[in-house]
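K.L.:
I'd like to ask you about the structure that follows.
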Amino acid sequence: MVKEKMTIHRIQMTEGKRQIIQQLLQEYNIETAADIQAALRDLLGGTIKEMMESEMDQHRGKRSGIRR
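All letters in the sequence shown, in the order written, are residues 155 to 222 by this note's numbering.
Structure representation (structure tokens):
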């Protein structure tokens, strides 16, 4: 039985993306996978927190509307 190869979606690497990656490597002194995780946490942590707080506010608003 022959296995079918999985289709992998590859995103094209552009010069702009290369420059962003180089800037991140320099700014965060990335050398390991843990360094990458820390950089992403720093970059995205505030955004994710705001998104979650907004979602909770919406959820509370809907629940409080039901109770009235």
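We put the CB at the ideal spot given by N, CA and C, even for glycine. Computed from a predicted structure; not experimentally measured.
Among residues of its own chain, excluding the 5 on either side of residue 193, which ones have a beta-carbon nearer than 7 Å to its beta-carbon?
P.N.:
Apart from sequence neighbours up to five positions away, the residues of its chain that approach residue 193 with a beta-carbon distance below 7 Å are 178, 182 and 184, ordered along the chain.
K.L.:
When the Cα atoms are used, what is the spatial distance from residue 165 to residue 171?
P.N.:
One Cα belongs to residue 165, the other to residue 171, and the distance between them is close to 11 Å.
K.L.:
Could you check the C-alpha separation between residue 195 and residue 207 for me, to the nearest Å?
P.N.:
Near 17 Å, if we compare the C-alpha coordinates of residue 207 and residue 195.
K.L.:
For residue 222, does the three-state DSSP call read helix, strand or coil?
P.N.:
The predicted position of residue 222 is uncertain, since its pLDDT is 44 and thus under 50; no value can be drawn from it.
K.L.:
Output the boundary residues of the alpha helix (DSSP H) element that contains residue 172.
P.N.:
169-182
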